[in-house]
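S.K.:
There are 2 protein chains.
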Amino acid sequence: MTIAVIKDVLAGKFAVGDTVTVRGWVRTRRDSKAGISFINIHDGTCFDAVQAVAPNTLSNYQNEVVRLTTGCSVVVTGTVAESAGQGQAFELQATDVEVIGWVEDPDTYPMAPKRHSMEYLREFAHLRPRTNITGAVTRVRHCLAQAVHRFFHERGFYWISTPIITTSDAEGAGELFRVSTLDLMNLPRTENGQVDFKEDFFGKEAFLTVSGQLNVETYACALSNVYTFGPTFRAENSNTSRHLAEFWMIEPEVAFADLNDMAALAEDMLKYVFRAVLEERADDMAFFAERIDKEAISRLQHVIDNDFVHMDYTDAVEILQKCGKTFNYPVSWGTDLQSEHERYLAEEHVGAPVILKNYPRDIKAFYMRQNDDGKTVAAMDVLAPGIGEIIGGSAREERLDLLDQRLEEMNLPKEEYSWYRDLRRYGTVPHAGFGLGFERLVAYVTGVQNIRDVIPFPRSPKNAEF
Amino acid sequence: MTIAVIKDVLAGKFAVGDTVTVRGWVRTRRDSKAGISFINIHDGTCFDAVQAVAPNTLSNYQNEVVRLTTGCSVVVTGTVAESAGQGQAFELQATDVEVIGWVEDPDTYPMAPKRHSMEYLREFAHLRPRTNITGAVTRVRHCLAQAVHRFFHERGFYWISTPIITTSDAEGAGELFRVSTLDLMNLPRTENGQVDFKEDFFGKEAFLTVSGQLNVETYACALSNVYTFGPTFRAENSNTSRHLAEFWMIEPEVAFADLNDMAALAEDMLKYVFRAVLEERADDMAFFAERIDKEAISRLQHVIDNDFVHMDYTDAVEILQKCGKTFNYPVSWGTDLQSEHERYLAEEHVGAPVILKNYPRDIKAFYMRQNDDGKTVAAMDVLAPGIGEIIGGSAREERLDLLDQRLEEMNLPKEEYSWYRDLRRYGTVPHAGFGLGFERLVAYVTGVQNIRDVIPFPRSPKNAEF
């Protein structure tokens, strides 16, 4: 018995006349008046299902084949034939249809073969992988993750698994999830009535990480080129299509690098992973372009084909102020740009990805490297047409005196950052990095509007089902 | 200016006489009586440091070069020359030595160039990446992670990021970390005085995952071949060299597969990643074989060269009972094997990796597939010489009635598993998978004894520093 994955059958890896066995789930079944059933079977190996043509001469035709419904699992053996129908080049002339698993009460099967809303599918996160859209998202997500790892590996970067549980807060201000094993009905107390975290699992108050950056800097300052790719967390009460409480981040960090090096790395990386997805997942991308967002493919091609435009924050503010467009939020030097401003710059003013650089010091994190102008820091955002900010990065302040000055100005306790300061006391080097939210990347690539639909099991306020 | 990574210089990618610039950290400096300094510089791109030969004719020779100490960061330009010394084929005749960062008080620099204990290095987890051993561990860890992703990708598996925060407990009995944003000083209460988790971020009590298996099964039952590679957690109060509170797991899951398919997949995967590390990280592996464990290389080669031996649990018990060896724990059918038993089987009885199969039902998890004998389940452990259990897996119970029977016997609430049961109600398929603790794999490959030394920032009871 030659077991075949459907991808290989459809790609013509078997000769017409070969007998193969495919295993998967029924997408649809249609019966002809002539006593033939056409069963579409998917196994997840590619977007398309294969059609198995089952004649009524099969011994279980009346008892089983004509009772097959969407979602049933089957093992079908047949001979490969050229397909008379449209769409596919090959089909199977079934000689045996074995039913492995029925669908209990097909009338109430939640994944019935019709168009479901994304909200509905989210309620069935355990069954939505069987749909066209979630299957396609999953394959594209996988392709992007692999391409990210490959991109960095080829450039000599090492993957560093920074800690998930931490006792520090990288941004100095995040909204944090506490991690604890304390018995809530019997909390230990200190003498002055506070919760005694000395009794907790880690001996102090611990949280889920919001970023691996500070940790991964320790590896960049020893191994030069490193990156993280792992989950991060925000306990923000944001019920938007762009926020998740749990999401995956990619954070490269490079020794002896400056902001322009990071801008180039970000551009190279995005182009690399977009090329990978257009080459490797043409089937799924065609589906997204047809059904979700007609620009899904052209948008990526546009990014690949164009140089990213570098622009100073200060120049951007001037452009926005002079452009004659009315924004909901006014623009002035010293304030953060809003999504409407970012999208205007990338989509209307430039028409290509824009890398905004050198932001006002006072709106940025303590670790960003101060520029000589005394007002700005070497920070950048990559703004992509159609989504806005997709990457944020900076050169890190490698000069101990200037780092300490910022810690003091921002009332951050130096003792808490002693290990981070050590990197500046012992062989400090200029270094820089950036962060990319992986789900925002997947949403951008697929055109799927809500970030909850591009991660297998989304976590958001009041929702950690499954 | 041609920037060169040290790996390329030592590998002869530049011609003798080429001028290149390397950037990194000083490992050692030695001055000759003739007024020449030999500076060993590492940049993390390979195990070895490159030697830069700095003559006293350099303008900053007296002021700076002879003051260089371990850990200082430098940018050195020089011409590539054949090395007269032993070990390396190439060195740099320095024409410029720029000091980027000094070491504050070299006498107290924690990473002074001498042999430190692993315990000592753990206290300086932010600086230990600069040591030979942590550098080598990091590169090998990276190589193994990449090889794992590549292995699965080449075989058509999709990477699935199963959730980190969950409201269910995969094993039905784990020791869990609670994830919460409740104010501990002001806990909301239900009418009967219990903590009201409806007020918590996720609207119910939430935990860190102990395994992605149950979640990833939902994707296997749609996309056929999938795997997880992500962090998992155990709130066990175990201070051993084999336990971490936070560690990374690899969990493939395959539709239409049985236990023997998983045994073959586990064998293929281990051999694949071992080959990768021997080929790609020969430099680091040579170090481990020389300094940490003289069998580091031969052990991997032995696994690669030998077929894994399959053995039934029942037969193993008989072998252990009859072998004439005295164990600390007695062996009897129906009890779990101890490490001493596993190691005897793999190291002494067989002398190769052993796959033990078909364990007593009553010592295994509810989801494992029941064998026809009514006593055992289709579970396996892969036992490797020198470490014992490295992989655990099973076929999953795909028959709803038998799954329900186990849930009832083990007093697990059916409602909690309704989504898991749905996979058996709608087109169920035989499927199987296994789990591999990534840090145990890295420890096995490197010979490093304590698992805390093969993860960047180990988390264990009373320890979540950095």
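Same order as they appear, the protein sequences are chains A and B.
Mapping of the first sequence onto UniProt numbering: residues 1 to 466, in sequence order.
Mapping of the second sequence onto UniProt numbering: residues 1 to 466, in sequence order.
Glycine residues also receive a C-beta, built at the ideal position from the N, C-alpha and C atoms.
As the structure is a prediction and not an experimental result, all values here were calculated from the model.
Output yes or no for whether 8 Å exceeds the beta carbon distance between H142(A) and Y158(B).
M.R.: For H142(A) and Y158(B), yes; Cβs fall inside 8 Å.
S.K.: Do R234(A) and E290(A) count as a contact pair if the criterion is CB distance below 8 Å?
M.R.: No, the pair does not count as a contact, with Cβ atoms beyond the cut-off.
S.K.: Three-state secondary structure (DSSP) at I292(B)?
M.R.: I292(B): helix per DSSP, three-state reduction.
S.K.: Considering only residues of the region 51-93 of chain A, which uninterrupted beta strand (DSSP E) runs meet the minimum length of 3 residues and lie entirely inside it, listed in chain order?
M.R.: 73-82, all fully within the region 51-93 of chain A.
S.K.: State the Cα-Cα distance for the pair F197(B) and R242(A), rounded to the nearest angstrom.
M.R.: Looking at the two C-alpha atoms, the distance is approximately 26 Å.
S.K.: Can you tell me the Cα-Cα spacing of H302(B) and G433(B), whole angstroms?
M.R.: Looking at the two C-alpha atoms, the distance is approximately 25 Å.
S.K.: Could you spell out the range, first to last residue, of the beta strand (DSSP E) harbouring T131(B)?
M.R.: Unbroken run through T131(B): none, as it is neither H nor E.
S.K.: Mind pulling the chain B residues with CB within less than 7 Å of Y444(A)?
M.R.: None at all; the shortest Cβ gap to chain B is about 17 Å.
S.K.: Could you check if G71(B) is buried or exposed, using at least 16 other CB atoms within 10 Å of its CB as the buried criterion?
M.R.: G71(B) comes out buried.
S.K.: In chain order, what are the residue ranges of uninterrupted beta strand (DSSP E) at least 3 long that sit wholly in the region 246-301 of chain A?
M.R.: The qualifying runs are 246-255.
S.K.: Would you say T138(A) reaches chain B, if we count a Cβ-Cβ gap shorter than 8 Å as a contact?
M.R.: Yes, because at least one Cβ of chain B sits closer than 8 Å to the Cβ of T138(A).
S.K.: For a quick check, are the C-beta atoms of F247(A) and F438(A) less than 8 Å apart?
M.R.: In contact: F247(A) and F438(A) (Cβ atoms closer than 8 Å).
S.K.: Looking only at its own chain, which residues have a Cβ that is under 7 Å from the Cβ of G17(B), when we skip the five neighbours before and after it?
M.R.: Same-chain partners within the cutoff: T79, V80.
S.K.: Report the neighbours of L265(A) on chain B: residues whose CB is nearer than 8 Å to its CB, in chain order.
M.R.: The premise fails here: L265(A) is roughly 14 Å from chain B at the closest Cβ pair, so nothing lies under 8 Å.
S.K.: Is it a yes or a no for the region 206-216 of chain A touching the region 181-189 of chain A, going by three-plus beta-carbon pairs under 8 Å?
M.R.: With a cut-off of 8 Å, the region 181-189 of chain A and the region 206-216 of chain A do not count as touching, because too few Cβ pairs lie within range.
S.K.: Would you call the CB atoms of N56(A) and I41(A) closer than 8 Å?
M.R.: No. Outside cutoff.
S.K.: Looking at chain A, which residues of the region 233-251 of chain B have a Cβ within less than 9 Å of any of its Cβ atoms?
M.R.: Hits within the stretch, in order: F233, A235, N237, A245, E246, W248.
S.K.: Please check the pair L144(B) and V442(B), which I expect to be a contact at CB under 8 Å, by giving their CB distance rounded to whole angstroms.
M.R.: Rounded, the Cβ-Cβ distance is 6 Å, consistent with contact.
S.K.: Is any beta-carbon of chain A found at less than 8 Å from that of K462(B)?
M.R.: With 8 Å as the cut-off, K462(B) counts as an interface residue toward chain A.
S.K.: Can you find a CB in chain A that lies within less than 8 Å of the CB of residue 477(B)?
M.R.: Residue 477(B) cannot be examined here, being either before or after the span of chain B that is shown, 1 to 466.
S.K.: For D43(B) versus V22(B), is the C-beta distance shorter than 8 Å?
M.R.: Contact flag set, yes.
S.K.: Quick one: is Q213(A) buried, meaning 16 or more other Cβ sit within 10 Å of its Cβ, or exposed?
M.R.: Buried is the call here.
S.K.: How many Å lie between V75(B) and G24(A) at the Cα?
M.R.: Going from the Cα of V75(B) to the Cα of G24(A) covers about 58 Å.
S.K.: So S394(B) is in the beta strand (DSSP E); what residue range does that whole segment cover?
M.R.: Where S394(B) is concerned, the enclosing beta strand (DSSP E) stretches over 388-396.
S.K.: Counting pairs of beta carbons, one from the region 329-343 of chain B and one from the region 373-393 of chain B, are three or more of them closer than 8 Å?
M.R.: Touching, yes, given that three or more Cβ pairs across the two stretches are closer than 8 Å.
S.K.: Quick one: residues in its chain with C-beta nearer than 8 Å to the C-beta of E64(B), no 5 flanking neighbours on either side, listed in chain order?
M.R.: Closer than 8 Å at the Cβ level, and outside the excluded window around E64(B), lie V97, V99.
S.K.: Short check: CB of S224(A) to CB of F177(B), under 8 Å?
M.R.: It is not a contact, given that the beta carbons lie outside the stated cut-off.
S.K.: Count the other CB atoms within 10 Å of the CB of E410(B); is the residue buried (16 or more) or exposed (fewer)?
M.R.: Looking at the sequence shown, residue 410(B) is not Glu but Met. So M410(B) counts as exposed.
S.K.: What is the rounded straight-line gap between the Cα of residue 475(B) and the Cα of V382(B)?
M.R.: What is shown of chain B runs 1 to 466, which leaves residue 475(B) out entirely.
S.K.: Under the rule that 16 or more other beta-carbon atoms within 10 Å means buried, what is I304(B), buried or exposed?
M.R.: Per the 10 Å Cβ criterion, exposed.
S.K.: Please list the terminal residues of the continuous alpha helix (DSSP H) segment that includes S418(A).
M.R.: Segment 418-425, the alpha helix (DSSP H) holding S418(A).
S.K.: When burial is assigned at 16 or more other CB atoms within 10 Å of the CB, is T240(B) buried or exposed?
M.R.: Exposed, by the Cβ-count rule.
S.K.: Using the C-alpha atoms, what's the distance from I164(A) back to D307(B)?
M.R.: Distance between the alpha carbons of D307(B) and I164(A) is about 37 Å.
S.K.: Of all the residues that make up the region 87-108 of chain A, which are near chain B by a beta-carbon distance shorter than 8 Å?
M.R.: Correct list: I100, G101, W102, V103, E104.
S.K.: Under 8 Å, with one C-beta from each stretch per pair, do the region 3-17 of chain B and the region 259-268 of chain A reach the 3-pair mark?
M.R.: No, the region 3-17 of chain B does not touch the region 259-268 of chain A.
S.K.: With V277(A) and V429(A) assumed to form a contact (beta carbons below 8 Å), what rounded beta-carbon distance in angstroms separates them?
M.R.: Going by Cβ atoms, the distance from V277(A) to V429(A) rounds to 34 Å, so no, they are not a contact pair.
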